[in-house]
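Listed in order, the protein sequences are those of chains A and B. 116 is the number that my numbering gives to position 116 of the first sequence; each next residue is one higher, with no gaps. Just remember that my numbering sits 1000 ahead of the position in the second sequence, which is counted from 1. From the three backbone atoms N, C-alpha and C, an ideal C-beta is built for every residue, glycine too. Here the structure comes first, spelled out in structure tokens, and everything after it is commentary.
Protein chains: 2
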Amino acid sequence: MLKGIPPLLTPELLKVLAEMGHGDEILVADANFTAASLGRGKPVVALPGVGVQQACAALLALLPLDAAVDRPVAYMKVCDTPNGYRSALQREVITALEAGGHVQPGQCEAIERFAFYDRVKTAYAIVHTGELQPYANFILKKGVLGEVLRA
Amino acid sequence: MLKGIPPLLTPELLKVLAEMGHGDEILVADANFTAASLGRGKPVVALPGVGVQQACAALLALLPLDAAVDRPVAYMKVCDTPNGYRSALQREVITALEAGGHVQPGQCEAIERFAFYDRVKTAYAIVHTGELQPYANFILKKGVLGEVLRA
């Protein structure tokens, strides 16, 4: 336990978040996700019993999102649904991201399942939660802290 | 870089601080300290170019000190000096600990050099700073966050 650090952030997960630099991505994955296989060679941190909403809140207490891109958050689109469809869980998570000031409306990008897998291959790390809702997979892109000193 | 985390806390050091539990101790050592040999088998995190005062401030931004003991901080007594003697650096660090509310006056314990080495052997980890002042070695004992719910 450390001052100001959400207790869900394990020692390993804290290290991973700190190792990430500008533009690096971390996947918050649900219980069904192919975390070990797609995460081979990456840090894969298990958070059994923890939902994706809780996990995102804990990560974003420390992790700045990337202001240099239009859409710093991506999620896996539910298969065989029309464009714009979001599951109840996806709506909840995105609403919380917006309410927390982490993103503006329109900054969360839906990505089709297999394209999402490809994107995950370049992620720095995976948080494998115990989320039981399927399609509860969110990629967060890390941003920068601090202001450029200008003349 | 992470929100609210002092930039001196490297990924490895963040992990170490989070791994520590109640009563575990971490040594903040000066550049002359026998960190690698006494730290064999422990995490030894190098902070070259960083002073002990800065390092303690960064650690204590996250690390609660132990309220269950009378003296949660110990430092290496300067050899061949009378009891109560403190070097200028030791006075500065202890004054800052008191000013930051981390300890009360009297809660920092002077320990003779070889007894200090024995104590370090049971520490969980060592932060090996670039502090050029000798006898700038401080042991910090981790405390607890949260209140017990009582009937």
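Minimum length 4: unbroken alpha helix (DSSP H) runs contained in the region 59 to 134 of chain A: Listed in chain order, they are 88 to 99 and 113 to 121.
Run of the beta strand (DSSP E) containing A/GLU147, from where it starts to where it stops: Premise fails: A/GLU147 is in no beta strand (DSSP E) and is neither H nor E.
Between which residues of its own chain and A/VAL158 is the CB-CB distance below 6 Å, once the five residues before and five after are set aside? This structure cannot speak to residue 158 of chain A, because chain A is shown only from 1 to 151.
Range of the contiguous beta strand (DSSP E) that encloses B/VAL1028: Counting along the chain, the beta strand (DSSP E) containing B/VAL1028 begins and ends at 1025 to 1029.
Quick one: what's B/LYS1015 bridged to in DSSP? Bridge pairing for B/LYS1015: absent [DSSP].
Where do the ends of the alpha helix (DSSP H) carrying B/LEU1038 lie? Note, B/LEU1038: alpha helix (DSSP H), 1035 to 1038.
DSSP on B/VAL1052, reduced to helix/strand/coil? Here B/VAL1052 sits in helix by DSSP.
Are B/VAL1050 and B/THR1129 closer than 8 Å when you measure CB to CB? Yes. Within cutoff.
CA nearest to the CA of A/ALA88, picked from A/ALA67, A/LYS42, A/VAL52 and A/PRO48: The shortest CA-to-CA distance from A/ALA88 to any of A/ALA67, A/LYS42, A/VAL52 and A/PRO48 is the one to A/VAL52.
May I have the straight-line CA-CA distance separating B/GLU1098 from B/GLN1104, to the nearest angstrom? The alpha-carbon atoms of B/GLU1098 and B/GLN1104 are separated by roughly 6 Å.
Hey, would you say A/ALA136 sits closer than 8 Å to A/ASP24, going by beta carbons? In this structure, A/ALA136 keeps its C-beta atom at 8 Å or more from the C-beta atom of A/ASP24.
Using a C-beta cutoff of 8 Å, does A/LYS141 count as contacting chain B? It does not; no Cβ of chain B falls within 8 Å.
Name the DSSP beta bridge partners of B/ILE1139, please? Looking at the DSSP assignment, B/ILE1139 forms a beta bridge with B/LEU1027 and B/ALA1074.
Between the beta-carbon of B/GLY1143 and the beta-carbon of B/HIS1022, is there less than 8 Å? Yes, these two residues count as a Cβ contact at 8 Å.
Where the region 55 to 83 of chain A meets chain B: residues whose CB sits under 9 Å from a CB there: The region 55 to 83 of chain A vs chain B, Cβ under 9 Å: LEU60, ALA61, LEU62, LEU63 and PRO64.
Let me confirm a value: A/VAL69 is counted as buried when at least 16 other C-beta atoms fall within 10 Å, else exposed. Which label applies? So A/VAL69 ends up on the exposed side.
Could you tell me if A/PHE33 is buried or exposed, where buried requires 16 or more neighbouring beta carbons within 10 angstroms of its beta carbon? Per the 10 Å Cβ criterion, buried.
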